[in-house]
Structures are given as C-alpha cells and as structure tokens.
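In this text, residue positions in the sequence shown follow full-length UniProt numbering: the first is 1, and each later residue adds one.
From the three backbone atoms N, C-alpha and C, an ideal C-beta is built for every residue, glycine too.
These notes are about the structure you will find just below.
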Amino acid sequence: MSTVSVLNLLGGVGPAGGVGPYGGVGPYGGVGPYGGVGPAAGLAVTAGANEWGSACLVRMQGYLTQGLADPYPPAPCPGFDAAPWLHYGAAHRAQSLLTEALSGLQVRADPGAQTVYLEQLGASEKGLAWRPLLSLRRPPLDYLLAQARLVDDMLPLREVRLPEIHAQAGNALSFLLSAAQLPWHRMPRTLEWLASALALQMALQMRIKQMLACPRPHQIRPSLFPMIEVPSHGSLPSGHAGESHLVAALLCHLMHRARLPDLQSQVLIRMALRIAENRVVAGVHYPVDSLAGRLLGESVARYLLASVAELPAQPSVLRFGHADFGQAALALPDEGFAPAQSPECSEVAAPADAPGLPMLKDHARLWELVCREWNLDSSSAAAGAAAAA
C-alpha cells in the first residue's frame, strides 16, 4: 500500500481514492469542493476558488459592508480544549488523531535479542512504566533463504493473479471495503476511523521495518525477479498484511457487536490473507512477513479499541519469533487460526504489574460517532461527543 505520507490514507479511502478527498465522494470528487458542485466547478461555493472571484470579492467589500456594524459582543470563544472538533477539516483531524495515538508509544530495539518491541507508557502504582504490546524478532538469514524458496514455488500463480496484484499495489483497501459489503456512503465516520488507524499503522510499521532491516527476497536470492516495483524499505513485517488485517480486525469487531453474520467477518479475513499472499506471489515479501504483519495489525487494533474502552485496558502481548524459529516451510498464513496461533507466533498475558492503557479522548469522540453509524451503544463515555456532533 502507498506510504508516501501517513495522510495519504490508502487507496479507496485515502486522499486519492474512490471514497477519499480526491475520490467520487470526497472533497475532490463529483460532490466534493472540487467536483461538480464544488468551489472549482461551474457552480462554485466560494469566490475564493479562483483568482477572478477573489479579486471581485475584495473590490465589493466596501459596498457589501458599508454602514453595517459588526455584532457585539462577538461570538464567544470555545472553552479551553473544547474546540468544535468536527468543524475542523478531515485532514486536520487526521493529524490531531495521529499525534494523540502516538503519544506514549515507543518502538524500542534490543540489538542483542534481534528484537523490536512496541510499548505503551502508562501510569501504575509505582509511577510511569512501559507496558509491552508486541515483540517482533528478526529471523536468521538461513531461515529467510528457506522462505525465499517458498516465494519461488509461488511463481506459477503470477499469471492468474496479475490483475489483482497490480490493483492492490496502491489500492488494497477498496478490496477490503468491497468484501465487507457495507453501505459505506452512509458511514463517513467509520471510514475516518479506519483512515486514522491506518495512519498509525503506517507510522509504526516503517519504524519497525527500519530497525529489523530484513532484506527483500530478491536481495538474498537474485534469481527471484519481482513482478512489481519493490518498495524502498525492509521486508518484515509486511505492510500490506498489517494494514489489511488491521482493517479486518476493526471491522470484525464492529460486525460482531452489530450481530452481523459470521460469514461477513470470515470473508473479510480471507480477503486480508489474499492481499498479503499476493505480495508474496509478486516476489516482494516472504510468507513469514505476512505473519508478522498480521500480528502488528492485530496489536494496533487492540490498542485502539482498548483506548476507547471497547476492550480491557490490559490486552495480552503478541509475540513473533519469541521461541526458536521452526521449519521455514511451515511458516505460512492459515485462515483457520487466530493470529497468535500461526507458526512463529504466540500470545501471553500482560505482566501483572503492567499499567493499563490510557483513554484517547479524541479517538473516543470519533468512536462514539462510529457507533452511531452502526446503531450501537458506545462502550466509552466520550465527553463532548454529543456536542461535537
């Protein structure tokens, strides 16, 4: 998936996608500010949309306001930390949400253990402390070489998967949204929630990729020719796998709460697995990258849901490569298993003295609006959500 910017929020729901700001329903689409009824269209909303209109507006100002008094007293300022949140533009809210989500998170490397940890700073009885959320250990080179042979075994699939692979290279999210079979045109806050989660996922996975520095398959086995452009960052964890499973985990949680048929959740998970597998078929990932990516996506989903009181404040710790790496040929994603039950993956309870996850205020406000779209009662008491709406 495109990671040019954390605000380029992935394909179909991103700024350049079908439902994003540059898409059919977004600000730059048919109904958006730059669309058929937008400021840059034949029926512009504001004169500021073009230089001629701006000049005319300035010249008319004296006529329009002559003899008129500004109201007094002026409109009151909002209270401190009580700005009309929803009046902000979506892009500005996205920046604020990302900052809030990253506050207190750290990605820590342990060179001796060849392991990267995702941790959250929280308050405990002993004061501030870091609680583990996820650990990812770098596989040894021999293991990656064995995994590269699995990539070679999947080459025959390229011919039949070619259209999928190219379509999902920059717009995988539209496949997930289609698989979910939901009325997205009536769920703008759900799409905004997903976009915010993806921005956090991208920021974290790039830091983790940099630290683990796992070579791509063709870098250790030059006879493997990737069929698409290879991203300029490390291989593990797979970004497509992590982002797809993050979206799947969040939507499956909502589907479960809304009592939708299990079939829809199963289809969504299969789509996420398919997207991840296609990156292996394309030759830019090892199968094991998908396992690590799925764990990261699941961990981010749990962190966000816990931060709005949808899950316990003490989610368990997900681990990749905690024990000795097993047979590389067995490390393949399997739809029949929970993420932590896949090869090389495990899950343990959080330490007894680990601090709970803090509430994220703005995320809770957005989650309140998401729940309304699903006709659900929000588990979080988001102060000000009603006023913000």
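{"query": "Residue 206 versus 297, 92 and 51, residue with shortest Cα-Cα distance", "result": "297"}
{"query": "C-alpha distance - residue 248 paired with residue 267, whole-angstrom precision", "result": "10 Å"}
{"query": "Every unbroken beta strand (DSSP E) inside the segment 302-333 [3 residues or more]", "result": "317-320"}
{"query": "Whole-number beta carbon distance between residue 97 and residue 362, since they are thought to touch under 8 Å", "result": "6 Å"}
{"query": "Continuous alpha helix (DSSP H) stretch holding residue 366: start and end", "result": "361-373"}
{"query": "Where residue 60 falls, given that 16 or more other Cβ within 10 Å makes a residue buried", "result": "exposed"}
{"query": "Contact between the segment 90-110 and the segment 195-213 (3+ Cβ pairs under 8 Å)", "result": "yes"}
{"query": "Three-state secondary structure assigned by DSSP to residue 252", "result": "helix"}
{"query": "Within the segment 86-134, ranges of the beta strand (DSSP E) (whole runs, at least 3 residues)", "result": "105-110 and 115-124"}
{"query": "Cβ contact (3+ pairs, closer than 8 Å) linking the segment 245-263 and the segment 171-190", "result": "yes"}
{"query": "8 Å Cβ cutoff, residue 139 in contact with chain B", "result": "Within the model displayed, chain B is absent; a lone protein chain is all it includes."}
{"query": "Secondary structure of residue 247, DSSP reduced to three states", "result": "helix"}
{"query": "Beta-carbon proximity of residue 342 to residue 318, cut-off 8 Å", "result": "no"}
{"query": "For residue 137, the three-state DSSP class (helix, strand or coil)", "result": "strand"}
{"query": "Among 373, 366, 175 and 222, nearest to residue 84 - alpha-carbon criterion", "result": "366"}
{"query": "Given 8 Å, three or more beta-carbon pairs between the segment 274-284 and the segment 161-178", "result": "yes"}
{"query": "Given residue 257 as reference, the closest of 90, 67, 91 and 378 once Cα atoms are compared", "result": "378"}
{"query": "Unbroken beta strand (DSSP E) run spanning residue 56, endpoints", "result": "From DSSP, residue 56 is part of no beta strand (DSSP E) but of the alpha helix (DSSP H) over 51-65."}
{"query": "First and last residue of the uninterrupted beta strand (DSSP E) at residue 346", "result": "345-348"}
{"query": "Whether residue 333 touches residue 360 by CB criterion (8 Å)", "result": "no"}
{"query": "Cutoff 6 Å; reference residue 129; Cβ partners in own chain excluding five residues on either side", "result": "355"}
{"query": "Distance between residue 293 and residue 242 (C-alpha atoms, nearest Å)", "result": "4 Å"}
{"query": "C-beta atoms of residue 349 and residue 316 nearer than 8 Å", "result": "yes"}
{"query": "For residue 132 and residue 119, believed in contact at Cβ under 8 Å, the rounded distance", "result": "6 Å"}
{"query": "N- and C-terminal bounds of the alpha helix (DSSP H) containing residue 180", "result": "158-180"}
{"query": "Coil, strand or helix - residue 199 by DSSP", "result": "helix"}
{"query": "Close beta carbons around residue 126, own chain, < 8 Å, minus the five adjacent residues each side", "result": "353"}
{"query": "Minimum length 3: unbroken beta strand (DSSP E) runs contained in the segment 208-249", "result": "none"}
{"query": "Where the alpha helix (DSSP H) containing residue 284 begins and where it ends", "result": "From DSSP, residue 284 is part of no alpha helix (DSSP H); its letter is neither H nor E."}
{"query": "Simplified DSSP state of residue 143, which is helix, strand or coil", "result": "helix"}
{"query": "Rounded straight-line distance, which links the Cα of residue 65 to that of residue 269", "result": "59 Å"}
{"query": "Residues of its chain near residue 88, where Cβ-Cβ distance is below 8 Å and the 5 sequence neighbours each way are ignored", "result": "96"}
{"query": "Beta-carbon proximity of residue 139 to residue 321, cut-off 8 Å", "result": "yes"}
{"query": "Exposure label - residue 160; buried when at least 16 CB within 10 Å", "result": "exposed"}
{"query": "Simplified DSSP state of residue 292, which is helix, strand or coil", "result": "helix"}
{"query": "Simplified DSSP state of residue 78, which is helix, strand or coil", "result": "coil"}
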